[in-house]
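Notes to accompany the following structure.
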Amino acid sequence: MTKEEILSSYGDLPCRFSSYYKFDFAFRGIADDGTKVVIHVGGCSDDIYRFSVDADTPVTLKSLDGDYHNASVYRDGAVIWEDFR
Numbered sequence: 441m442t443k444e445e446i447l448s449s450y451g452d453l454p455c456r457f458s459s460y461y462k463f464d465f466a467f468r469g470i471a472d473d474g475t476k477v478v479i480h481v482g483g484c485s486d487d488i489y490r491f492s493v494d495a496d497t498p499v500t501l502k503s504l505d506g507d508y509h510n511a512s513v514y515r516d517g518a519v520i521w522e523d524f525r
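The opening position of the sequence shown corresponds to residue 441 in the numbering used here, with each subsequent residue numbered one higher.
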């Protein structure tokens, strides 16, 4: 799938904060069809210096476009799209 197709289908899917490890914030969301979206923000201290996280406020692929360092979409346990920066 192309990035445009992913953003059209799953770009507004609410993803909630799920974990933090070594300057990496992970957000996860599950669509009604079972497709999973995982977004990683950060990676180094410079990237997250001013990044704030509210565990009660979901983020989306569209809202984080340009700010994440890795985003993946899974269907039936297989990766159908990945974007590394």
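Where is the CB? At the ideal position from N, CA and C, for every residue including glycine.
Residue range of the unbroken beta strand (DSSP E) whose run includes residue i
| i | result |
| --- | --- |
| SER459 | 456-461 |
| ALA471 | Where ALA471 is concerned, there is no enclosing beta strand (DSSP E), given that its DSSP letter is neither H nor E. |
| ARG523 | Sequence inspection shows Asp at residue 523; the Arg mentioned does not correspond to that position. Run containing ASP523: 518-524, per the beta strand (DSSP E) assignment. |
Pair within 7 Å by beta-carbon distance, residue i and residue j
| i | j | result |
| --- | --- | --- |
| VAL513 | VAL477 | yes |
| SER471 | LEU447 | Before going further, note that residue 471 is Ala rather than Ser in the sequence given. The answer is no: Cβ separation not under 7 Å. |
Pairwise C-alpha distance: residue j and residue i
| i | j | result |
| --- | --- | --- |
| TYR532 | PHE467 | Not covered by the structure: residue 532. The range shown for the chain is 441 to 525. |
| SER492 | PHE457 | 11 Å |
| ILE520 | ALA495 | 27 Å |
Residues near residue i by beta carbon distance below 7 Å, same chain, minus five either side
| i | result |
| --- | --- |
| LEU504 | ILE479, VAL481 |
| LYS443 | ASP523 |
Contacting residues, own chain, Cβ-Cβ under 6 Å from residue i (five flanking each side not counted)
| i | result |
| --- | --- |
| ASP523 | ALA511 |
| GLY469 | LEU453, PRO454, CYS455, VAL477 |
| LYS462 | none |
Host alpha helix (DSSP H) of residue i (start-end)
| i | result |
| --- | --- |
| LEU408 | Outside the shown range of the chain, which is 441 to 525, sits residue 408, and nothing can be said about it. |
Counting only runs that start and end within the segment 476-507, where is the alpha helix (DSSP H) found for 4 or more residues in a row? DSSP runs (the alpha helix (DSSP H)) wholly in the segment 476-507: 485-488, 501-504.
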